[in-house]
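Take a look at the structure below.
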Amino acid sequence: MMDSGFDRRDFLKVMGWSGAAVALSGCGNTSIEDGKETVVSYVEAADYVIPGIGVYYNSSCAQCDAGCSINGRVREGRVLKLEGNPASAINRGKMCGLGQAGVQHHYNPDRLREPLLRNGDKGETITWEKAYALIAEKLKGVSGEEIAFLSGGVSGHLKVLLGNYLASFGCKNHFVYEALAPGVVRAANKKAYGAEMPRYNINKAKVVLSFGADFIGAWVSPVHFSQQYAQFRKGVDGQRGVLIQVEPKMTLTGANADRWIPVRPGTEGILALGIINALGTATGDIAAAVKGYDKARVSKETGVPPGQIDKIAAILKLRSPSLVLAGGAAEGYAHGSQNAAAINLLNHVLGNVGKTVEAAAAVPFPQMVPAKGNTAALKSLNDGLAAGKYKVLFNYAANPVFTAPGALKFKDNLSKAGFKVAFAHYLDETALQADLVLPLNSALEDWGTQVPEYMAEGAQINILQPLMENLHPNTRGMGDILLALLKQRRPEEYKNYEDYYAYLRAAMLQNKVALGGNGKDDDSFWNETLTKGIIKLAGTTTALSGKAGVAGLKLPAPTENDEQYPLQLIPSVNISLRDGRHSNQPWLQESPDPLTTIVWDSWVEIHPKKAAELGIVEGDIVEVTSRTGSIKTQAYLFPGIHPDAISIPLGQGHEALGRYAKGYGVNPFQILDAVFDRETGELAMYETRVKVNKTGQRVIVVKDESAAGAKQIREKIAGRVSSDNVDLSKEV
Amino acid sequence: MHRFLRISVLLTGLFAAVSISAAESPQPVPMTEDSLGPLVEQPIEFPHNRHAGDADKGGMQINCMYCHTYARRSAVAGIPPLQKCIGCHQSIESVRETPRIKKLFEYWDAKKAVPWKKVHDLPDFVRFNHERHIKRFIEQQNRPFQEVCGYCHGNVKEMTVARRSKALSMGWCASCHQKDHAVMAEGGTPIGGQAYWYTFYKPQAADASTDALKAKGPNDCWQCHK
Amino acid sequence: MSVSNLLENWSQFRHYHPVDDKPHDPYKWAMSIDLDACVGCNACSVACYAENNLPVVGKEKYAHGMSMHWMRIEHYWDEDVGEEGGREFPDQGAQFLPMMCQQCEAAPCETVCPVGATNHTADGLNSQIYNRCVGSRYCEANCPYKVRYFNWYDYPTTDNVWPAEMTQQLNPDVTVRGKGVMEKCTFCVQRLSAAKVTAKSEGRIVHDGEVQTACQQVCPVGAISFGNLIDPQSRVHKQWRAQQVELDKDRQAKDEKEGGTNLRGYRILENMRPYPSVMYLERVRESAI
Amino acid sequence: MKDIREDIAWAKINQDVLKSLENPRKLYWVILFVAIAMVGVAVGCEIYQYSTGMGVSNKNNSHVWGLYIATFIFWIGMSHSGTLLSAILHLMHADWRKPIYRFAEAMTTFSLMTAGLFVAVHLGRVWQIYYALPYPNERGLWPNFQSPLLWDAMAIFTYLSSSIVFLYVGMIPDLAICRDRMHEGWRKKLYTLLSLGWEGTDRQWRNFRVTYLTIACFLIPLAVSVHSIVASDFAMSQQPGWHITSFPPYFVAGALYSGCAAIITLFIILRYVFRFEEYMTMGILKKIVRLTFAISMVWTYLNAVEFASVWYSHDQASKDVLIQKAIGTYAPFWWGMMFCGSVVPLTLAFKRFQTNIPVLFAVSLLLNLGMWLERWMIVAPTFAHGIYPWAWDHDQWPSFVQWGMVFGSFGWFTLLFMVFCKVFPSVSMYEVKEMVYHRRQETKKLEATGKFATAGKGAH
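Shown next as structure tokens:
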């Protein structure tokens with residue numbers, strides 16, 4: 063399917079067709095009605111556009127940072143469905159539910175359509191020209207230090223433009239914030255392996271020991287890892303992979319583990335060292351460092367029975383290579399770095415580094431590699447705002463008012479900023495605070511490039527291209543906006559770029575050779591690139607350098623019981639809602655949480671034993687109180703959680719973001735204490751301690767699970783067979 | 007013997023006889039005036055007869071699928087893009103100034119699509135596939151295209167603006183799908199899946215000598231209703 | 369339609385019963401789902417929403433059990449978890465099971481529909497004809513798996529499930545169901561017939577892998593495989609063969625064997641004789657740890 | 343105790359019976375209005391449901407049937423009493439039936455009419471109901487002859503039409519009497535029209551008897567089959583608690599049971615309202631009561647059979663459903679049904695209660711309540727606790743729409759019945775006369791031959 067961007071734009075027009083027109087009167091109209099409906103035909107048609115037959119365009123998924131490539135089905139100019147692009151090494155034609163829902167981000171009825179300027183507590187519609195002029199005016203005479211730009215993770219040419227824009231008035235305050243970024247793990251990896259995000263070969267491992275890394279559900283690049291997991295299950299040379307998951311609250315990965323080990327929250331590192339000790343293969347200072355961690359002590363501190371530790375050590379010793387992962391549950395503490403370090407150490411001891419942990423390739427264009435979001439950035443921005451440092455604040459693709467821990471009082475501090483500009487798709491909590499809101503194109507209407515943080519094999523640059531014409535005439539792409547703003551600053555430099563598309567094309571063609579377009583003429587190279595939707599590069603690989611060092615590795619003893627706040631709060635990450643930016647996509651709201659099958663709401667997971675102590679039954683409305691605040695929501699008795707912990711999923715509890723998100727559930731971010739990791743300064747998500755009281759109300763939990771309570775009764779429904787009896791590698 | 011009984015028996019018998027014979031009789035294929043669709047007002051009164059009509063009647067004898075080009079590639083026949091009309095007409099000076107062509111060019115200059123009205127508009131839950139029918143009757147059985155299109159669209163080459171002249175009702179479609187159609191042995195369509203839940207016909211060998219099978223049109227409900 | 373052929377062909381009312389010598393030709397669509405691979409991520413379910421114009425019913429109606437997910441992900445804990453004297457934690461994880469219409473060969477729903485709105489197609493599918501349905505709901509009442517979903521409200525119009533913009537996402541190949549009709553998984557019949565049309569025009573039958581169902585296509589772990597069961601080249605055929613699961617049996621020979629079997633393939637509620645077209649592969653329970 | 347006094351003058355009979363056709367008292371209008379109001383409620387509910395969708399009746403995807411089906415069966419059951427009394431007992435020459443079979447037949451017809459409505463109310467797309475009729479159509483489609491639901495539709499239609507004919511034919515001589523006794527007016531016209539010029543000649547009587555007999559014979563197997571077919575709606579399915587062989591006889595027994603109970607109720611009411619003490623005598627009441635008691639025991643027995651066959655079967659699912667009925671969400675209703683259906687009738691075993699009007703009235707109502715619950719307990723628990731545990735749903739409760747519809751159906755029935763009582767003689771005059779005559783003959787030990795005609799003549 064050849065297509066060159068220019069003329070294709072005409073064919074993205076929405077057309078009505080006899081056979082194709084969407085009819086809501088599905089079963090109503092039972093008779094032939096001639097001359098009622100109108101057929102709008104094309105004015106000029108490309109020969110590959112046939113009414114009634116779908117055309118597929120490759121683009122990239124922008125629902126999360128994993129950077130999957132998508133293949134959008136377009137008919138009569140309407141994008142209908144997103145499918146995976148098989149050419150991508152990351153998702154190989156597969157997708158997750160979140161990605162599928164991308165179309166609902168695009169067609170969402172609550173999208174912003176016009177630029178809005180604050181007038182009192184109302185927003186009044188203004189023109190883009192006026193908006194740009196306003197920004198220019200506000201920036202006049204403001205020094206670079208007084209300007210802050212808050213954004214989510216950005217990469218590719220957008221990041222380049224953004225950088226240039228900030229540089230144009232010497233601003234260094236670019237805060238990249240992602241609420242659920244693996245910031246601590248990155249740092250720990252950097253230390254241990256010399257790379258923030260090495261490549262994990264789950265498929266090559268025979269045993270995977272994961273400390274709270276929900277790599278199937280929501281960690282880093284789930285679709286990719288899921289595929290590796292599938293191979294891992296089929297087994298390396300005939301031996302089915304064994305997955306052991308250590309975490310206080312069962313994640314989707316934990317639910318699929320062969321052995322799920324509920325560990326006392328925060329003691330993951332101790333367990334890791336305990337395992338090293340039990341392995342007994344370590345030498346030198348490592349051996350010395352773990353000497354103290356004998357079974358008895360470790361078992362006492364982590365709550366994992368000694369036998370269990372032996373078993374793990376045994377199988378790790380027996381089956382090699384293995385892979386040890388440190389994830390959210392391990393890093394979310396004041397000593398998170400220590401935990402992660404201890405866990406990574408395990409990989410060294412087991413000799414996995416270089417086998418299942420490999421160096422990942424990087425894109426040869428440093429200016430395009432993703433600016434990785436983290437939570438430390440939020441803190442410094444917040445301090446700056448509190449000090450009233452900033453006269454102008456830009457915000458793009460981040461919603462801190464919703465996701466910042468309540469203890470930071472971010473909303474109040476935000477009001478101290480002089481003039482707040484938000485580039486947004488919806489009026490989310492943060493956009494509502496802004497003085498000027500500029501409506502963005504959806505990812506399916508926009509041009510752009512994307513560089514994934516986690517590279518599967520080789521390096522790749524993803525292309526974003528419109529799958530249909532703008533749904534709302536007055537929205538614009540972020541790239542176009544930045545370009546327009548840049549033209550204010552440096553007219554002569556950018557005057558020959560009519561729009562972001564032109565800029566993009568020019569920029570790509572400049573590096574044609576580096577991008578593997580050697581010897582092709584511009585147009586064919588460009589068309590090929592658009593058709594493929596991916597540019598694959600060998601990329602530069604720097605070998606893993608990290609040392610198996612134990613220097614500065616010391617783990618605090620587990621916190622003894624806090625009388626006032628006896629429970630540990632675990633803000634869990636729901637696989638489809640994540641940090642809540644997509645909560646307004648109805649498919650996601652209605653797709654049940656895999657483990658509880660609850661929809662459209664929040665809940666508190668409590669272990670049945672604990673619940674019995676507290677006299678709580680399913681559906682009780684309980685009040686969860688932390689030092690920072692308290693929220694009320696329904697209780698759900700869940701066996702897959704440590705009795706000393708409770709868990710509330712993130713993503714719900716919006717006060718804005720439109721009809722599908724507003725007013726459903728509660729937002730646990732609000733009650734998070736402001737505890738930070740000692741080394742990296744990242745937010746320690748799991749450090750909030752809470753108490754739970756019944757309010758006396760009770761509701762019926764809205765879930766798919768029936769009165770039978772997820773038990774098989776009588777007939778065999780979901781069968782089980784022992785691994786001794788089967789050999790998966792021989793199967794078709 | 008007893009009047010009551012006699013009458014009732016008589017009536018019942020009569021009713022049964024009538025309904026059975028009615029059920030036995032093949033579906034009427036309405037060709038009468040009243041089965042004609044309504045006259046549809048089109049933005050431009052397109053003269054099919056001038057384009058597709060026979061030469062002696064001053065027609066151009068253009069193949070239906072020259073303009074309705076999607077028919078053989080897609081389920082929907084579609085309306086030709088404006089481009090196509092212009093393609094010819096910009097070089098046909100003779101009619102350049104006639105009102106209809108003027109109108110055509112107005113649309114073209116405005117780059118606006120002509121809002122044609124649907125003439126053969128099936129209910130939304132019915133999916134007719136043009137491609138298959140053309141492939142089968144024109145390409146595989148080499149029947150003249152005007153005849154084939156005519157099965158459902160009537161004698162369009164005589165009309166100006168098209169007007170529905172067949173019932174296009176389910177019974178009408180089925181009445182054709184129940185006819186035996188030869189299925190070519192090699193290169194022909196597979197004859198699988200011909201059983202029909204309401205008429206229950208299975209494909210049967212026409213004669214034992216050749217295994218050339220005769221089959222009905224595809225006929226489970228999901229062929230047209232999805 | 370005529371009385372005579374009604375009488376003549378009475379026996380074929382549900383034609384192609386699995387015990388026929390040659391059940392389906394040339395197609396018999398079937399599926400197999402590997403529960404050991406399935407991670408319960410719900411991607412298939414969402415894909416189904418996207419492909420088949422499923423309405424999102426909203427919290428209140430979901431609470432009333434009116435959800436419309438043709439493909440639902442069930443999860444099961446081990447029997448002894450949380451029970452008296454059982455294990456405190458599900459330390460061997462959960463089990464996930466995607467459940468949708470099993471496209472039974474002898475479907476209980478087909479015989480009971482008063483108007484024949486649901487019936488068996490020649491490809492061995494269990495068709496549901498929306499515009500024929502009168503909404504007696506007998507089919508769902510008689511479905512052992514309870515995988516049929518009824519339009520309790522008029523989702524397209526009065527319920528405004530699809531606001532103006534969202535109607536543009538609706539798949540034109542699939543009818544949007546109105547109030548009062550039953551619906552269910554169709555094995556993405558719109559994709560199947562599209563593939564068949566292409567194949568027919570080229571005078572061949574559909575190759576394996578040429579057509580995918582939406583759920584199969586999206587599944588990140590490739591747990592679902594779908595294809596033509598009577599095509600010896602198809603993956604599904606090979607899997608069913610390898611697992612010794614036979615379509616037309618209500619009790620598989622391998623299960624009769626002494627000491628059971630070490631094959632994973634099984635069909636749910638087989639003993640009720642609906643002859644489902646979906647084979648599941650048992651989850652493997654690791655003994656090494 | 344005698345069924346009827348032997349010395350009632352025939353003129354008196356006519357007089358008494360025709361009195362019931364005179365202009366009603368105020369109370370009548372009040373009740374009629376209430377009935378109409380009740381129907382109004384149902385109509386309101388139906389309009390709401392029709393325009394909004396089935397959902398408002400609060401069923402759901404695993405629990406797709408509700409009170410509509412239950413009440414439908416209930417009314418079908420009701421209808422059996424009439425046939426029982428007029429047809430079966432007619433063939434058995436149990437002449438004590440004569441004074442009461444008329445209103446029983448009316449009951450049959452009207453309850454069938456009520457039941458029929460529930461089929462429509464139950465459908466999700468009632469506007470397409472004609473799809474279920476086998477008629478030559480443009481689409482070229484038959485309905486599905488395999489579906490018990492279709493058999494239902496046909497059986498009920500046949501049953502309704504023939505029982506109407508039966509009712510009407512049996513009324514012709516009485517209509518003639520009315521015609522002769524009426525002054526000019528719409529009634530006169532009506533009766534003249536309906537009595538088909540009945541003269542009471544021997545020939546007419548002969549034809550009449552044969553016809554009546556023939557329809558009676560035709561009706562009995564029909565009555566049995568109808569409820570067997572309704573039973574097969576469930577028995578033919580695969581669901582636990584439904585898939586039970588003994589269902590057809592069980593349903594028929596249940597039908598006769600509720601029918602008889604209803605007769606007792608109406609018997610008492612009519613007896614009181616129209617002062618029919620002389621015709622609807624204690625003797626007759628006693629006979630019905632005993633009959634009812636017998637049937638109740640049959641029903642109880644069949645219940646036991648059902649439980650036993652489930653209990654000793656290998657079908658674990660059915661067992662669980664049974665247990666659920668006894669201890670689950672529906673337990674109160676289920677035990678209520680057992681109590682009303684099997685315990686309450688025991689009172690009828692005592693002589694002193696068999697003629698105690700207030701007691702009988704209360705009992706008969708309880709029995710009907712029990713029978714209604716029975717139908718509900720057949721439909722609902724199976725959905726709540728079916729084969730597939732994931733779809734279990736124990737707290738599904740019918741919404742006001744369903745209740746409103748059920749409520750209204752009783753109004754509808756009352757409405758029809760009351761109108762009938764005022765337009766047609768609810769006691770068969772000529773048969774009562776026969777009865778009186780026969781009894782007189784018996785006691786006088788006289789030959790009755792040849793008097794028959796005069797008996798007929800005497801009708802004028």
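Protein chains in written order, with my numbering: chain C, 63 to 794; chain H, 7 to 232; chain Y, 369 to 657; chain A, 343 to 802. Note that CB positions come from ideal geometry on N, CA and C, so glycine has one too.
Nonlocal neighbours in the same chain, by C-beta distance under 7 Å from residue i, ignoring five residues either side
i	result
isoleucine 371(C)	Gly336, Ile337, Ala340, Lys357, Val360 and Ser361
lysine 724(C)	His716, Glu717 and Ala718
cysteine 507(Y)	Cys477, Val480, Cys481, Thr486, Arg516 and Met550
Cross-chain neighbours of residue i in chain H, by beta carbon under 7 Å
i	result
arginine 481(A)	Met176 and Gly177
CB contact below 9 Å: residue i versus chain H
i	result
tyrosine 477(A)	yes
isoleucine 657(Y)	no
Closer than 9 Å to chain Y by CB, residue i
i	result
glutamate 777(C)	yes
lysine 141(H)	yes
Short Cβ contact (9 Å threshold) for residue i with residue j
i	j	result
alanine 446(A)	leucine 433(A)	no
alanine 391(C)	proline 327(C)	yes
leucine 643(C)	aspartate 459(Y)	Going by the sequence as given, residue 643(C) is arginine instead of leucine. Result no, Cβ atoms of arginine 643(C) and aspartate 459(Y) do not sit closer than 9 Å.
leucine 142(C)	proline 540(Y)	yes
leucine 174(C)	histidine 397(C)	no
Own chain residues within Cβ distance below 6 Å of residue i, not counting five before or after
i	result
phenylalanine 231(C)	Gly206
alanine 275(C)	Trp281, Leu387 and Gly389
threonine 364(C)	Val325, Arg326, Thr329, Ile332 and Leu333
Minimum Cβ-Cβ distance from residue i to chain C less than 9 Å
i	result
tryptophan 203(H)	With a pLDDT of only 32 at tryptophan 203(H), under 50, the local geometry of the prediction cannot be trusted, and no value is derived from it.
serine 97(H)	no
Chain C residues whose Cβ lies nearer than 8 Å to that of residue i
i	result
proline 87(H)	Ser103, Tyr104, Val105, Glu106 and Ala107
Presumed contact (8 Å Cβ cut-off) between residue i and residue j, rounded CB distance
i	j	result
valine 507(A)	methionine 771(A)	In fact, because the Cβ distance is near 20 Å, the residues do not count as touching under 8 Å.
asparagine 503(C)	arginine 538(C)	6 Å
alanine 398(Y)	valine 604(Y)	5 Å
phenylalanine 408(Y)	phenylalanine 464(Y)	This sequence places glycine at residue 408(Y); phenylalanine is not what is there. Going by Cβ atoms, the distance from glycine 408(Y) to phenylalanine 464(Y) rounds to 3 Å, so yes, they are a contact pair.
Listed by chain order, chain Y residues near residue i by CB distance under 8 Å
i	result
valine 406(A)	Arg505, Glu508, Ala509 and Phe518
8 Å CB neighbourhood of residue i in its chain, flanking five on each side removed
i	result
aspartate 789(C)	Gly300
Chain-ordered chain A contacts of residue i [CB-CB under 9 Å]
i	result
proline 512(Y)	Gln580, Gln581, Gly728, Ile729 and Tyr730
serine 25(H)	Pro476, Tyr477 and Pro478
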